[in-house]
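Novice: Structure provided below as structure tokens; questions to follow.
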Amino acid sequence: MHSLAQAASPYGRGFLEKRMDEHSRTLINRLASEHALDLDGYEYLIAHADAAVAAELAVHAVAVRQEVYGTDVFARGLIEFSSYCKNDCYYCGLRAGNRECERYRLTPEQIQECADTGYELGFRTFVLQSGEDPYWSDDALCSIVRTLKDRHPDCAVTLSVGERSRESYAALHDAGADRYLLRHETADPDHYARLHPPRMSFERRMQCLEWLRELGFAVGVGFMVGSPGQTSATLAVDLKFVERFKPEMCGIGPFIPHHATPFAAEPAGTLELTCLLLSIIRLIHPPVLLPATTALGTIDPQGRERGILAGANVVMPNLSPGDVRAKYLLYDNKICTGEEAAECRGCLGARMLGIGYQLVVDRGDPAE
Ligand code: 5AD
Ligand code: FES
82 MHSLAQAASP
92 YGRGFLEKRM
102 DEHSRTLINR
112 LASEHALDLD
122 GYEYLIAHAD
132 AAVAAELAVH
142 AVAVRQEVYG
152 TDVFARGLIE
162 FSSYCKNDCY
172 YCGLRAGNRE
182 CERYRLTPEQ
192 IQECADTGYE
202 LGFRTFVLQS
212 GEDPYWSDDA
222 LCSIVRTLKD
232 RHPDCAVTLS
242 VGERSRESYA
252 ALHDAGADRY
262 LLRHETADPD
272 HYARLHPPRM
282 SFERRMQCLE
292 WLRELGFAVG
302 VGFMVGSPGQ
312 TSATLAVDLK
322 FVERFKPEMC
332 GIGPFIPHHA
342 TPFAAEPAGT
352 LELTCLLLSI
362 IRLIHPPVLL
372 PATTALGTID
382 PQGRERGILA
392 GANVVMPNLS
402 PGDVRAKYLL
412 YDNKICTGEE
422 AAECRGCLGA
432 RMLGIGYQLV
442 VDRGDPAE
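Here it is in structure tokens:
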């Protein structure tokens with residue numbers, strides 16, 4: 082197990098022994114054995130991180146991921162079915178205030194076609210994602226979920242459609258939806274207010290996550306790395322939140338500016354910090370399903386491979402029809418907007434094989 086972990090580390094061990102400060106080493110060992118640190122510990126680890134700290138964390142994270150999931154990587158077929166959004170998050174290209182964004186909605190039939198194609202390609206989880214689009218009633222969404230589950234009973238359905246009422250979540254769960262992604266974006270209320278307009282509420286976001294959990298969904302949280310106003314201290318709060326909530330999934334990727342948003346001139350998050358946090362989150366909660374995100378692949382051509390080598394175990398290739406992909410732009414320069422579903426799956430499959438992992442045909446449920 083150790084040799085695989087070492088082979089997977091982009092740095093190598095001799096170099097580490099020399100450079101890492103003693104306190105970081107103590108913290109890493111504590112994190113690996115206790116799966117927890119106090120707030121100051123997380124903050125110190127992040128604030129003092131260098132290549133040696135990142136490499137040491139990756140060695141532990143890969144060993145832990147190896148124990149739980151081996152070298153399997155799960156694929157989620159992402160269907161971006163509506164680009165309409167009523168919200169105005171300052172970071173997001175789909176925000177209502179962006180008049181440049183071309184809006185579209187897939188029909189229920191188109192959504193099923195995407196899933197059918199995905200099934201043929203070996204996907205056993207479908208993620209239905211949209212902006213917060215009130216057009217989709219509970220009945221409409223429930224009927225889509227039911228049809229999907231009827232046609233593909235061996236598949237998991239994940240929803241990522243934002244904040245809704247408890248009743249709505251309950252109806253969607255009853256209709257057969259298995260999982261729900263709702264990134265918390267930041268666990269620090271002041272930072273939340275820096276990223277969102279006043280009518281969006283941190284408390285409501287947290288309430289939604291509690292409801293989803295109570296209703297029996299596998300729940301995905303997550304945040305952007307390097308979002309404006311983020312500090313080692315706010316990230317420590319995010320990690321403490323992950324430690325407490327123990328989400329089944331956690332989506333983290335770098336913030337990337339979108340030219341038509343209030344954050345157009347802000348710098349993007351980095352590959353290094355994103356990979357460091359992937360490793361830490363793997364160690365906090367070993368069974369977590371952790372995607373190497375499209376955003377990570379966008380800031381670096383090897384970003385998704387580097388994410389897997391830091392402890393991630395999920396990829397989310399796009400199944401949306403070719404003609405709408407370029408309209409679902411959360412950030413600038415998004416990759417894979419010109420590809421077809423089969424190309425995306427093939428490309429990612431080859432990339433995973435290239436680093437010693439394999440994409441599997443599997444629902445990819447969270448391990449116990
Ligand atoms: N850069 C990176 N990620 C973004 N998201 C939204 N806008 C951006 C951006 N500019 C993320 C948010 C959201 C998820 C769907 O995409 O975290 O929850
Ligand atoms: Fe749509 Fe944030 S802009 S949910």
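The opening position of the sequence shown corresponds to residue 82 in this note's numbering, with each subsequent residue numbered one higher.
Cβ coordinates follow ideal geometry from the N, Cα and C atoms, glycine included.
#1: Which class does Ala128 belong to by DSSP, given the choice of helix, strand or coil?
#2: When DSSP builds the beta bridges, which residues end up paired with Phe155?
#3: Helix, strand or coil for Phe326? Go by DSSP, reduced to three states.
#4: Can you list, in chain order, every residue whose CB sits closer than 6 Å to a heavy atom of the ligand 5AD?
#5: Let me confirm a value: Asn110 is counted as buried when at least 16 other C-beta atoms fall within 10 Å, else exposed. Which label applies?
#6: Could you tell me the distance, in whole angstroms, from the CA atom of Pro301 to the CA atom of Ser211?
#7: Of the residues Cys223, Gly419 and Gly178, which one's Cα is nearest the Cα of Val405?
#8: What did DSSP end up calling Ser218 once you bin it into helix, strand or coil?
#9: Could you tell me the alpha carbon to alpha carbon distance between Phe326 and Asp413, rounded to whole angstroms?
#10: Shortest alpha-carbon distance to Phe336 belongs to which of Glu329, Pro328 and Ala346?
#11: Which residue or residues does DSSP assign as beta-bridge partners of Ile479?
#12: For the ligand FES, is there a heavy atom less than 7 Å away from the beta-carbon of Asn168?
#13: Quick check on the DSSP output: the alpha helix (DSSP H) that includes Ser114 runs from which residue to which?
#14: Would you mind giving the Cβ-Cβ distance between Ser164 and Arg146, rounded to the nearest angstrom? I have them listed as a contact below 8 Å.
#15: Would you mind working out which of Glu421, Val369, Ser313 and Leu316 sits nearest Glu449, comparing C-alpha positions?
#16: Give a single yes or no on whether Gly332 has its beta carbon closer than 7 Å to a heavy atom of the ligand FES.
#17: With a 10 Å radius around its C-beta and 16 neighbouring C-beta atoms as the bar for buried, classify Tyr250 as buried or exposed.
#18: The ligand FES and Glu190: does the residue's C-beta get closer than 7 Å to at least one heavy atom of that ligand?
#19: Just to confirm the assignment, what range does the beta strand (DSSP E) spanning Met305 have?
#20: Leaving aside the five residues before and after Arg285 along the sequence, list all residues of the same chain whose C-beta is less than 8 Å from its C-beta, in chain order.
#21: Which residues bound the alpha helix (DSSP H) around Phe336?
#22: Rounded to whole angstroms, what's the CA-CA distance from Asp119 to Leu364? Just pull it up for me.
#23: Please name the residue in Gly445, Ser360, Leu400 and Arg426 whose C-alpha comes closest to that of Val140.
#24: Please work out which residues of its chain come closer than 8 Å, Cβ to Cβ, to Val395, disregarding the five sequence neighbours upstream and downstream, and give them in chain order.
#25: Where are the alpha helix (DSSP H) runs, 4 residues long or more, that stay fully inside the stretch 337-400, in chain order?
#26: Which residue marks the beginning of the beta strand (DSSP E) containing Tyr273, and which one marks its end?
#27: Can you check which of these residues, Arg176, Leu202 and Asp259, is closest to Pro447 by C-alpha distance?
#28: Give a yes or no on whether the C-beta atoms belonging to Phe322 and Tyr171 are separated by under 8 Å.
#29: So, for His366: in the same chain, excluding its five sequence neighbours on each side, which residues have a beta-carbon less than 8 Å away from its beta-carbon?
#30: Give me, in chain order, the residues of the same chain whose beta-carbon lies closer than 7 Å to that of Gly403; leave out the 5 immediate sequence neighbours on both sides.
#31: Once DSSP output is grouped into helix, strand and coil, what is the label at Ala431?
#32: Give me the Cα-Cα distance between Ala221 and Arg180, rounded to the nearest whole angstrom.
#33: Taking Cβ to Cβ, would you say Val306 is nearer than 8 Å to Ala268?
#34: For the alpha helix (DSSP H) that contains Phe204, what are its first and last residues?
#35: Please determine, among Tyr438, Val442 and Asp443, the residue with the shortest C-alpha to C-alpha distance to Val143.
Specialist: Taking the definition as stated:
#1: The three-state reading of DSSP puts Ala128 in helix, counting H, G and I together.
#2: The partner list for Phe155 (beta bridge, DSSP) reads Val395 and Val441.
#3: Phe326 carries a helical assignment under DSSP once its states are collapsed to helix, strand and coil.
#4: Checking every Cβ against the heavy atoms of the ligand 5AD under 6 Å gives Tyr172, Cys173, Arg264, Glu266, Met305, Gly334, Phe336, Ile337, His339, Ala376, Leu411 and Tyr412.
#5: Residue burial is scored here from C-beta neighbours: Asn110 has fewer than 16 other C-beta atoms within 10 angstroms and is therefore classed as exposed.
#6: Note on identity: in this sequence residue 301 is Gly, with Pro being the wrong assignment. Roughly 15 Å between the two C-alpha positions.
#7: Val405 has its Cα closest to that of Gly419, out of Cys223, Gly419 and Gly178.
#8: The answer is coil: DSSP assigns Ser218 none of H, G, I, E or B.
#9: Each residue's alpha carbon lies about 32 Å from the other.
#10: Comparing Cα positions, the closest option is Ala346.
#11: Residue 479 lies beyond the residue range present for the chain, which begins at 82 and ends at 449; the question has no answer from this structure.
#12: Yes, the Cβ of Asn168 comes within 7 Å of a heavy atom of the ligand FES.
#13: Glu103 to Glu115 is the extent of the alpha helix (DSSP H) around Ser114.
#14: Actually they do not touch by this definition, with Cβ atoms about 34 Å apart.
#15: Taking each of Glu421, Val369, Ser313 and Leu316 in turn and checking the Cα distance to Glu449, the smallest one comes out for Val369.
#16: Answer for Gly332: no, Cβ out of range of the ligand FES.
#17: Around the CB of Tyr250, 16 or more other CB atoms lie within 10 Å, so the residue is classed as buried.
#18: No.
#19: Its beta strand (DSSP E) spans residues Ala299 to Val306.
#20: Same-chain partners within the cutoff: Glu244.
#21: Note, Phe336: premise wrong, no alpha helix (DSSP H); not H, not E.
#22: In a straight line, the C-alpha of Asp119 is about 14 Å away from that of Leu364.
#23: Nearest of Gly445, Ser360, Leu400 and Arg426 to Val140, Cα basis: Ser360.
#24: A distance below 8 Å between beta-carbons, with the five flanking residues on each side excluded, links Val395 to the following residues of its chain, in chain order: Val154, Phe155, Ala156, Arg157, Met330, Leu370, Leu371, Pro372, Ala373 and Gly445.
#25: For the stretch 337-400, whole alpha helix (DSSP H) runs of length 4 or above, ordered along the chain, are 352-365, 375-380 and 384-390.
#26: Run containing Tyr273: none in the beta strand (DSSP E); it sits in the alpha helix (DSSP H), Pro270 to Leu276.
#27: Nearest of Arg176, Leu202 and Asp259 to Pro447, Cα basis: Asp259.
#28: The answer is no: Cβ separation not under 8 Å.
#29: For His366, where only same-chain residues beyond five positions count, the Cβ hits under 8 Å are His116, Val323, Glu324, Lys327, Pro328 and Cys331.
#30: Hits under 7 Å: Glu421.
#31: In the structure shown, Ala431 falls within a helical segment according to DSSP collapsed to helix, strand and coil.
#32: Their backbone Cα atoms lie some 26 Å apart in a straight line.
#33: Cβ distance not < 8 Å, so Val306 and Ala268 don't count as in contact.
#34: Segment: none, Phe204 is in no alpha helix (DSSP H) and carries neither H nor E.
#35: Per the C-alpha coordinates, the member of Tyr438, Val442 and Asp443 positioned closest to Val143 is Tyr438.
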